[in-house]
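Read the structure below first, then the notes.
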Amino acid sequence: MKYRSIFTVWDGLENSRSTFQTALQLARVNDAHLSVLCIGYEMIQPAFGYVDVSSTMVNENYADARNQVEELKREVTSILEVEDVKWGVETIISQTPGLSHAVGDAARFSDLVVLPKPYEKDGNEKAANIVEAALFGGNVPVLVHPSNSVKNFGKRVLIAWNESNEALTAIRAALPFISAAEAVEIVIIDPARHDTDRSDPGSAISTMLARHGVSVEVSILPRTVSRISDILNQHITETGADFLVMGAYGHSRFRERILGGATRNTLESVLVPVLMAH
5 MKYRSIFTVW
15 DGLENSRSTF
25 QTALQLARVN
35 DAHLSVLCIG
45 YEMIQPAFGY
55 VDVSSTMVNE
65 NYADARNQVE
75 ELKREVTSIL
85 EVEDVKWGVE
95 TIISQTPGLS
105 HAVGDAARFS
115 DLVVLPKPYE
125 KDGNEKAANI
135 VEAALFGGNV
145 PVLVHPSNSV
155 KNFGKRVLIA
165 WNESNEALTA
175 IRAALPFISA
185 AEAVEIVIID
195 PARHDTDRSD
205 PGSAISTMLA
215 RHGVSVEVSI
225 LPRTVSRISD
235 ILNQHITETG
245 ADFLVMGAYG
255 HSRFRERILG
265 GATRNTLESV
275 LVPVLMAH
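Here it is, written out as structure tokens:
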């Protein structure tokens with residue numbers, strides 16, 4: 005099982021460059037097509053309160069965004085032209101409120117989206133919006149790669165399992181990584197009493213993975229602190245896991261989905277690449 009279509013976003017920042025190299029390597033390993041989206045941002049949004057903005061200012065703002073996105077396209081194209089992968093570059097110009105729809109539409113036919121970790125110090129301030137757009141707008145699994153994490157990952161996979169549809173979707177999306185891993189561990193934090201397999205937590209998902217030829221270890225962890233992300237990070241450090249798989253959860257805001265607390269906390273603090281799906 006391989007990914008055949010990989011998608012990433014290029015903004016020219018250092019975090020984006022690191023993530024781009026990850027997407028490029030995954031495209032090479034999977035013999036996949038790499039799609040790169042360059043985004044130009046319209047900073048003036050007349051419909052959202054700029055009542056005194058002139059048409060000249062709006063046009064100039066659009067021209068600046070167009071120049072920005074064309075420069076990004078030239079930059080990433082010059083890199084891809086010497087690479088041995090199938091690739092394509094697209095451009096969009098978007099206001100922040102329309103980002104979810106624009107990125108979601110661009111990403112939705114991909115097998116995997118690779119993006120920088122949001123909330124990083126030197127990252128794109130819109131990185132979280134882009135992650136939300138891919139997860140909830142495009143309904144595509146997203147691999148988030150922290151800029152300071154290992155470049156080669158996936159040997160020791162940690163799966164955060166809580167019986168949810170989101171977690172199951174993430175596991176299915178991560179099967180190419182899980183099947184190729186040297187070790188796979190399913191972590192269940194404080195199993196609920198109403199879980200369907202409470203007598204043998206993790207047995208059903210373990211059986212599913214065994215049918216894919218994957219041998220797993222199941223670990224039950226107590227909820228010793230309030231944040232699930234802190235428990236996962238501690239376990240990652242203790243076990244040497246280099247890849248995390250978990251569901252992505254959100255809630256509604258003005259007809260759009262945004263990252264929920266547990267998902268956001270994980271993305272803020274995660275130590276290793278994480279594949280999330282909704």
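Here my numbering runs 4 ahead of the position in the sequence shown, where the first position is 1.
Every residue gets a Cβ at the ideal spot worked out from N, C-alpha and C, and that includes glycine.
Using a 10 Å radius around the Cβ and a threshold of 16 neighbouring Cβ atoms, would you call D15 buried or exposed?
Taking the first residue of the sequence shown as position 1, residue 15 is located at position 11. Per the 10 Å Cβ criterion, buried.
*asked:* Check whether chain C comes within 8 Å of E64, counting only Cβ atoms and requiring the distance to be less than that.
replied: Any reference to chain C falls outside this structure, which holds one protein chain only.
- Query: Nearest to R366 by alpha carbon, out of T243, D68 and E94?
  - Reply: No statement about residue 366 is possible, as the shown extent of the chain runs from 5 to 282 and does not include it.
So, for S9: in the same chain, excluding its five sequence neighbours on each side, which residues have a beta-carbon less than 8 Å away from its beta-carbon?
Translated into the one-based positions of the sequence shown, residue 9 becomes position 5. Counting only Cβ-Cβ distances below 8 Å, and skipping sequence neighbours, we find A36, H37, S39, F113, S114, D115 and L116.
Which ranges does the beta strand (DSSP E) cover as unbroken runs of at least 3 residues, wholly within the stretch 201-253, from first to last along the chain? Listed in chain order, they are 220-225 and 247-251.
Note to self: Measuring alpha carbon to alpha carbon, tell me which residue in L119, V118 and Q72 is nearest I97.
What the structure shows: By 1-based counting over the sequence shown, the position of residue 97 is 93. When each option's Cα is compared against that of I97, the closest is Q72.
Three or more C-beta pairs closer than 8 Å, one from the stretch 135-143 and one from the stretch 225-242: is that the case here? Contact between the stretch 135-143 and the stretch 225-242 is absent, with fewer than three C-beta pairs closer than 8 Å.
Item to complete: Can you say whether N152 is buried or exposed, counting buried as having 16 or more other CB atoms within 10 angstroms of its CB?
Response: As a position in the sequence shown, residue 152 is number 148, starting the count at 1. With fewer than 16 Cβ atoms within 10 Å of its Cβ, N152 is classed as exposed.
Coil, strand or helix - Y7 by DSSP:
Here the question's residue 7 lines up with position 3 in the sequence shown. Annotated three-state conformation of Y7 is coil, per DSSP.
Checklist entry - What residues are listed by DSSP as bridge partners for W165? => result Numbered from 1 along the sequence shown, position 161 holds the residue referred to as residue 165. Beta-bridge pairing links W165 to no other residue.
Check your understanding: In three-state DSSP terms, what is H37?
Key -> Your numbering for residue 37 matches position 33 in the sequence shown. Strand at H37.
Open item on the list: Would A164 and L30 qualify as a contact pair, given that the criterion is a beta-carbon distance under 8 Å?
Closed with: Here residue 164 corresponds to residue number 160 of the sequence shown, with the count starting at 1. Here residue 30 corresponds to residue number 26 of the sequence shown, with the count starting at 1. Not a contact, by the Cβ cut-off of 8 Å.
Out of G206, L119, V107 and V33, state which residue places its alpha-carbon closest to the alpha-carbon of E18.
-> Here residue 18 is taken as the residue at index 14 of the sequence shown, counted from 1. Nearest of G206, L119, V107 and V33 to E18, Cα basis: L119.
(request) Could you check if V229 is buried or exposed, using at least 16 other CB atoms within 10 Å of its CB as the buried criterion? (result) As a working note, residue 229 is residue 225 in the sequence shown. Counting C-beta atoms within 10 angstroms of its own C-beta, V229 has fewer than 16 neighbours from the protein chains shown and is therefore classed as exposed.
Helix, strand or coil, according to DSSP, for R268 in the structure here? As a first step, residue 268 must be located in the sequence shown, where it is residue number 264. In the structure shown, R268 sits in a helix (DSSP, three-state: H, G or I).
Exercise for the section: Count the other CB atoms, across all protein chains shown, that sit within 10 Å of the CB of N63; report buried if there are 16 or more and exposed otherwise. Expected result: Along the sequence shown, one-based indexing puts residue 63 at 59. Classification for N63: exposed.
Hey, could you find the ends of the alpha helix (DSSP H) E74 is sitting in? Locating residue 74 in the sequence shown gives position 70, where the first residue counts as 1. First-last of the alpha helix (DSSP H) with E74: S59 to L84.
Exercise for the section: Measure the CB-CB distance between A252 and E189 and report whether it falls below 8 Å. Expected result: To locate residue 252, count along the sequence shown from 1; it is residue 248. To locate residue 189, count along the sequence shown from 1; it is residue 185. When the beta-carbon positions are compared, A252 and E189 stay at least 8 Å from each other.
### Query
What number of angstroms, rounded off, separates the C-alpha of A177 from the C-alpha of H282?
Residue numbering aside, residue 177 sits at position 173 when the sequence shown is read from its first letter. Residue numbering aside, residue 282 sits at position 278 when the sequence shown is read from its first letter. So the two alpha carbons sit approximately 10 Å from each other.
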